[in-house]
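A.B. asks: Submitted below is the structure of interest, expressed as structure tokens.
Numbering (my numbering), first residue to last: 119 to 280.
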């Protein structure tokens, strides 16, 4: 179900995975060119969570990229998050939140979503507190709950050959 707490937790997990993907697959192994980690929570007409990883890479690296991504996700599910990496992600989230709070579009989107999802609109005011409550073990628990790799779909788009 949709709630500001779930959104904050999924945001943290997706940013943590994004940092780990960049460090491991781009900087350390040189497997990818760019990547994006994102999520979507929908409650109507049927509730679902979509968590996605998109990347560009050399076609010969595809299987290794998939394998490395699965390792990163499994690591987050099995082990508490690195405290230094988590602190950096949380600091970044606070900075983005501070900037977003100045924008009418942020407020309009949050209010619309909370009304549509039958949530208390005052929950929006607690986003910073939710970020501050995040711990490595909370990240591990939430990742274990939501990141089910058995329920994944892999789509590979290859460049057109002449």
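Glycine included, each C-beta is placed from N, C-alpha and C at the ideal position.
Which one of 161, 162 and 156 has the shortest CA to CA distance from residue 173?
C.D. replies: Reading the chain shown from its first residue, position 55 is the one you call residue 173. If we check each option's Cα against that of residue 173, 156 comes out closest.
A.B. asks: Report the rounded CA-to-CA distance for residue 242 versus residue 277, giving the unit in angstroms.
C.D. replies: The residue you call residue 242 lines up with position 124 of the chain shown. The residue you call residue 277 lines up with position 159 of the chain shown. Distance between the alpha carbons of residue 242 and residue 277: 43 Å.
A.B. asks: Any heavy atom of the ligand SAH within a distance shorter than 7 Å of the CB on residue 183?
C.D. replies: This structure lacks the ligand SAH, and indeed carries no ligand of any kind.
A.B. asks: Among 218, 199 and 158, which has the Cα closest to the Cα of residue 295?
C.D. replies: Since the displayed the chain opens at 119 and closes at 280, residue 295 lies outside it and no answer follows.
A.B. asks: Between which residues of its own chain and residue 169 is the CB-CB distance below 6 Å, once the five residues before and five after are set aside?
C.D. replies: Position 51 of the chain shown, counted from the first residue, corresponds to residue 169. Contacts found: 157.
A.B. asks: How close, in whole Å, do the beta carbons of residue 144 and residue 150 come, if the pair is a contact with beta carbons under 8 Å?
C.D. replies: As a first step, residue 144 is located in the chain shown; it is residue number 26 there, counting from the start. As a first step, residue 150 is located in the chain shown; it is residue number 32 there, counting from the start. Confirmed, about 5 Å.
A.B. asks: Do residue 229 and residue 239 count as a contact pair if the criterion is CB distance below 8 Å?
C.D. replies: On the chain shown, position 121 is the one that residue 239 refers to. On the chain shown, position 111 is the one that residue 229 refers to. Yes, these two residues count as a Cβ contact at 8 Å.
A.B. asks: Closest to residue 215 by CA distance: which of 132, 280, 244 and 131 is it?
C.D. replies: On the chain shown, position 97 is the one that residue 215 refers to. For the residues 132, 280, 244 and 131, the minimum Cα distance to residue 215 belongs to 244.
A.B. asks: For residue 260, tell me which candidate among 176, 202, 193 and 271 has the shortest Cα-Cα distance.
C.D. replies: For the purposes of this step, residue 260 is identified with residue 142 of the chain shown, where counting begins at 1. Residue 193 is the option with its Cα nearest to residue 260.
A.B. asks: Which same chain residues end up closer than 8 Å to residue 154 when comparing Cβ atoms and leaving out the 5 residues on each side of it in sequence?
C.D. replies: To locate residue 154, count along the chain shown from 1; it is residue 36. Counting only Cβ-Cβ distances below 8 Å, and skipping sequence neighbours, we find 136, 170, 171, 172 and 173.
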